[in-house]
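Letter by letter, the sequence shown follows residues 1 to 203 in full-length UniProt numbering. The structure under discussion appears below in the form of structure tokens.
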Amino acid sequence: EIEYFESDDIKWKCENCTKSKRQSMRLDTKADEAKQNTILQKKLSHLEQKLLANEIIIDGIPETPNENIIETIKLVGQELNIKIEENMINDCYRIKNKQNTNRLVINFSRHIDKVNILKARKVKRNLSTKHLGLNSDSMIYMRESLTPEKNYLFKQARDYKKLNNYKYAWTSEGRIFIRKDDTSKVIPVDNDFFTHISHTSLN
Numbered sequence: 001e002i003e004y005f006e007s008d009d010i011k012w013k014c015e016n017c018t019k020s021k022r023q024s025m026r027l028d029t030k031a032d033e034a035k036q037n038t039i040l041q042k043k044l045s046h047l048e049q050k051l052l053a054n055e056i057i058i059d060g061i062p063e064t065p066n067e068n069i070i071e072t073i074k075l076v077g078q079e080l081n082i083k084i085e086e087n088m089i090n091d092c093y094r095i096k097n098k099q100n101t102n103r104l105v106i107n108f109s110r111h112i113d114k115v116n117i118l119k120a121r122k123v124k125r126n127l128s129t130k131h132l133g134l135n136s137d138s139m140i141y142m143r144e145s146l147t148p149e150k151n152y153l154f155k156q157a158r159d160y161k162k163l164n165n166y167k168y169a170w171t172s173e174g175r176i177f178i179r180k181d182d183t184s185k186v187i188p189v190d191n192d193f194f195t196h197i198s199h200t201s202l203n
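Written out as structure tokens, the structure reads:
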């Protein structure tokens with residue numbers, strides 16, 4: 001229970017407060033702390049996503065012996081009618097995903113280059129490994145990089161899309177959206193969205 005507050009040589013004591021009043025004050029203080037923690041978590045999440053603002057992930061391109069990743073990326077750009085120069089790439093490497101395949105991670109020096117290649121990919125939706133001169137004919141997937149928290153939220157959005165017969169689920173600049181069909185409004189998706197859905201379904 002809260003019996004007094006002390007700050008900058010000023011002390012206020014709850015001399016005549018009832019026990020229930022002190023308990024109420026204690027609960028209000030905890031609620032304020034929880035609210036501040038939520039705000040802080042959102043700010044940190046935003047900063048973490050901002051660090052990935054120039055980064056994309058490419059799935060579906062098999063790793064080859066003695067691979068030159070930059071040349072592979074240039075070839076992808078060529079198929080998308082985007083000229084990619086080496087100085088446009090800040091960093092690039094492969095990491096294993098859950099399917100145990102080595103996905104490509106590319107961090108561009110400029111944000112506009114990341115935006116342009118993702119736009120070009122939307123135009124050429126049938127991009128596959130055969131376009132890169134490989135013997136296989138598997139789809140190549142490309143998307144912007146997300147934090148683990150955002151990745152999980154995007155998975156939830158895709159699951160929600162499937163269960164509720166929505167037509168679209170996508171990300172843009174680290175934000176997640178869904179849309180029922182071509183004429184319906186775009187709905188931004190965050191943690192509050194699923195909290196609201198959960199409370200609505202219970203009532």
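Note that the Cβ used here is the ideal one computed from N, Cα and C, for glycine as well.
Taking a C-beta distance under 8 Å as the contact criterion, Leu146 and Thr183 do not qualify as a contact pair. The C-beta distance from Glu48 to Ile106 rounds to 19 Å, too long to fall under 8 Å, and the pair is not in contact. When secondary structure is reduced to three states using DSSP, Pro148 falls in the helix class.
With fewer than 16 other Cβ atoms inside 10 Å of its own Cβ, Met139 counts as exposed. The three-state reading of DSSP puts Ala157 in helix, counting H, G and I together. Pairing Pro188 with Gly60, the inter-Cα distance amounts to about 28 Å.
In this structure, DSSP gives Lys96 an extended state, which the three-state scheme calls strand.
When C-beta atoms of the stretch 85–92 are compared with those of the stretch 105–121, three or more pairs fall below 8 Å, so the two segments count as touching.
Ranked by how close their Cα comes to the Cα of Asn126, the residues Val76, Ile70, Lys180 have Val76 in first place.
Bridge partners of Leu104 according to DSSP: Ile58, Arg94. For Ala120, the three-state secondary structure derived from DSSP is helix. The secondary-structure analysis by DSSP pairs Val189 across a beta bridge with Ile176.
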